[in-house]
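First the structure, in the form of C-alpha cells, and then the observations on it.
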Amino acid sequence: VQLVESGGGLVQPGGSLRLSCAASGIIFSIKSMGWYRQAPGEEREMVAVIISGGSSNYLDSVKGRFTINIDNAKNTVYLQMNSLKPEDTAVYYCRVTDTLNLVHWGQGTLVTVSS
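Counted the way my numbering counts, the sequence shown spans residues -13 to 101.
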C-alpha cells in the first residue's frame, strides 16, 4: 500500500493550500480517507475524514475553512484549506482505512503558515 501526499508548503496567513493523497496497492475496498495533523510537541489530531458513503467530519477549528473531498476513481483524497492561520502549521498526514479496518498512513507533508 502506498499513499503519496503532495501540496504542502509555506503560505501566509489567510492564504490557501490544497493537499492531495493518492492511494495505490490497496487490495480491499476503502472505508474512509482522511487527514490528520501533528504540530510540534502536540499529539496527532483528526482534521477531516470522509466516509465511503460520502459523509464527512471536521475538527471544529477548521469547519468552514477546510473542505475534504474524494475522487473514488483515482483513490485520491483532497483537502482544500482556506483562510489558513498560524495555528494550522503542522505536518499533515493522509490516512486510509480499508474495509478490513486496516489503517494506512502517508509519510506526511509539512504545512507552514507564517508571514
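Each residue gets a CB set at the ideal place from its N, CA and C atoms; glycine is no exception.
> Would you say T83 and V89 are within 8 Å of each other, going by their C-beta atoms?
Replying inline: If you check the CB distance, T83 and V89 come in under 8 Å.
> Residues in its own chain within less than 6 Å of V63 by CB, not counting five upstream and five downstream?
Replying inline: Only C7, M19, I56 meet the Cβ criterion.
>> In this structure, how does DSSP classify K60 when only helix, strand and coil are distinguished?
In response: DSSP places K60 in helix when its eight states are reduced to three.
> For the 8 Å Cβ check, are there 3 or more pairs between the segment -10 to 5 and the segment 61 to 80?
Replying inline: The answer is yes - the segment 61 to 80 touches the segment -10 to 5, with three or more Cβ pairs under 8 Å.
> Where V48 and L70 are concerned, what is the direct C-alpha to C-alpha distance, given to the nearest angstrom?
Replying inline: Between V48 and L70, the C-alpha separation is close to 9 Å.
> Quick one: Cα of I36 to Cα of Q24, how far?
Replying inline: The straight-line gap separating the alpha-carbon atoms of I36 and Q24 is approximately 19 Å.
> What are the boundary residues of the beta strand (DSSP E) that D84 is part of?
Replying inline: Element bounds for D84: 76 to 84.
>> Do T85 and Q66 have their beta-carbon atoms positioned less than 8 Å apart in this structure?
In response: No.
> Rounded to a whole number of angstroms, what is the C-alpha to C-alpha distance between G(-5) and W21?
Replying inline: Cα to Cα, the separation comes out at about 16 Å.
>> Need the endpoints of the beta strand (DSSP E) that Q24 sits in, please.
In response: For Q24, the enclosing beta strand (DSSP E) starts and ends at 16 to 24.
> Given N61, which residues of its chain have a CB within under 6 Å of its CB, disregarding the five upstream and five downstream residues?
Replying inline: A9.
> Just to confirm, are N58 and S2 a CB contact at a threshold of 8 Å?
Replying inline: Contact: no.
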